[in-house]
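Engineer:
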Amino acid sequence: MKLLAIKPPTIKELEEIIELDRICFGKLWTKEGYQRELASPNSLLLILSLLKKRIGEEEDIEKYLFQSPNLQSQIIGVACFWSIVEEAHITLLGIHPDYRGQGLGQLLLYTLLVKAVECQLKRATLEVRASNQAALGLYQKFGFQVAGRRKGYYQLTGEDALIMWRAGLAEVDFKNDLASWSHQIFIGLKQGNWRLFNEEFLIHKCNLRQDWTTNQPNLQNF
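Every position in the sequence shown, counted from 1, becomes a number in my numbering once 146 is added.
Dropping the structure here:
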């Protein structure tokens, strides 16, 4: 079984995040940019890490990690949103190409939306390349709708960006949607032989001013 964890990164993990940024986004943000995200009280930056050693399906994860203090991990996903008034502006969502098509992008997007709800944000927005059909399909699955277009938004290619919105995050119906998506996502992970180590992170109360680097585990040290 392949073991995953979602958590905010530490400063020590920035170099690996920058390399993933290069692979996924073509050097979208610099090291200084990621440092600003970590320091910002209005930014939630998350990474998806894969433990490099598999475990048995029935094995006790906590006991396994405790007995494996030098267990290493690989960062295979990154996501971020900015909290702007009542809006979650999703600025990053990427999965390493070797791990795409396995439901991990859905897991990261779902996590961002859970955290947005916990932070009492009422809507979410993002920009996506007009030609990125896979991303468009993902966002539409989670209820995002195209609200506009930014001409020539991507400077390197001159490609347009579609502006997408998802309203109603504070509504009961949206929380029901989250429950339904959670069920689907975790069934998919199980079918793909994935397991999320820290599922409790998805129900933690969000506090964008919390010092995550001291309160969350660093998988590099497990």
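Think of the CB as a built atom: it goes at the ideal place given N, C-alpha and C, for glycine as much as any other residue.
Predicted model, so just to flag it, every value in this text is computed and none were measured.
If you measure between the beta carbons of R269 and E305, is that distance less than 8 Å?
Structural biologist: no
Engineer: Mind checking D244: buried by the 16 CB within 10 Å criterion, or exposed?
Structural biologist: exposed
Engineer: To the nearest angstrom, how far is it from the Cα of T156 to the Cα of L184?
Structural biologist: 8 Å
Engineer: Quick check on Q291: does DSSP put it in helix, strand or coil?
Structural biologist: strand
Engineer: What do you reckon, are the CB atoms on I221 and E162 nearer than 8 Å?
Structural biologist: yes
Engineer: Check whether the Cβ atoms of L308 and A276 lie closer than 8 Å to each other.
Structural biologist: yes
Engineer: What whole-angstrom Cβ distance do L150 and L194 have, given they're in contact under 8 Å?
Structural biologist: 6 Å
Engineer: Determine the burial state of G249: buried for a count of at least 16 other Cβ atoms within 10 Å of its Cβ, exposed for fewer.
Structural biologist: buried
Engineer: Let me know the secondary structure DSSP gives A276 once reduced to three states.
Structural biologist: If DSSP states are grouped into helix, strand and coil, A276 belongs with coil.
Engineer: Which same chain residues end up closer than 7 Å to L284 when comparing Cβ atoms and leaving out the 5 residues on each side of it in sequence?
Structural biologist: G251, Q252, L255
Engineer: Whole angstroms are fine: how far does the CA of M147 sit from the CA of Y300?
Structural biologist: The alpha-carbon atoms of Y300 and M147 are separated by roughly 39 Å.
Engineer: Between S229 and L267, what straight-line distance do the alpha-carbon atoms span, to the nearest angstrom?
Structural biologist: Rounded to whole angstroms, S229 to L267 spans 8 Å at the Cα level.
Engineer: Tell me the rounded alpha-carbon separation between Y210 and L197.
Structural biologist: Annotation note: pLDDT 48 at Y210 (below 50); position unreliable, coordinate value reported separately. Their backbone Cα atoms lie some 12 Å apart in a straight line.
Engineer: Are G240 and F288 touching if we call contact CB-CB under 8 Å?
Structural biologist: no
Engineer: Which residue from A293, S219, R341, L342 puts its Cα closest to that of E159?
Structural biologist: S219
Engineer: From this set, K336, I152, D319, which residue's C-alpha is nearest A225's C-alpha?
Structural biologist: When each option's Cα is compared against that of A225, the closest is I152.
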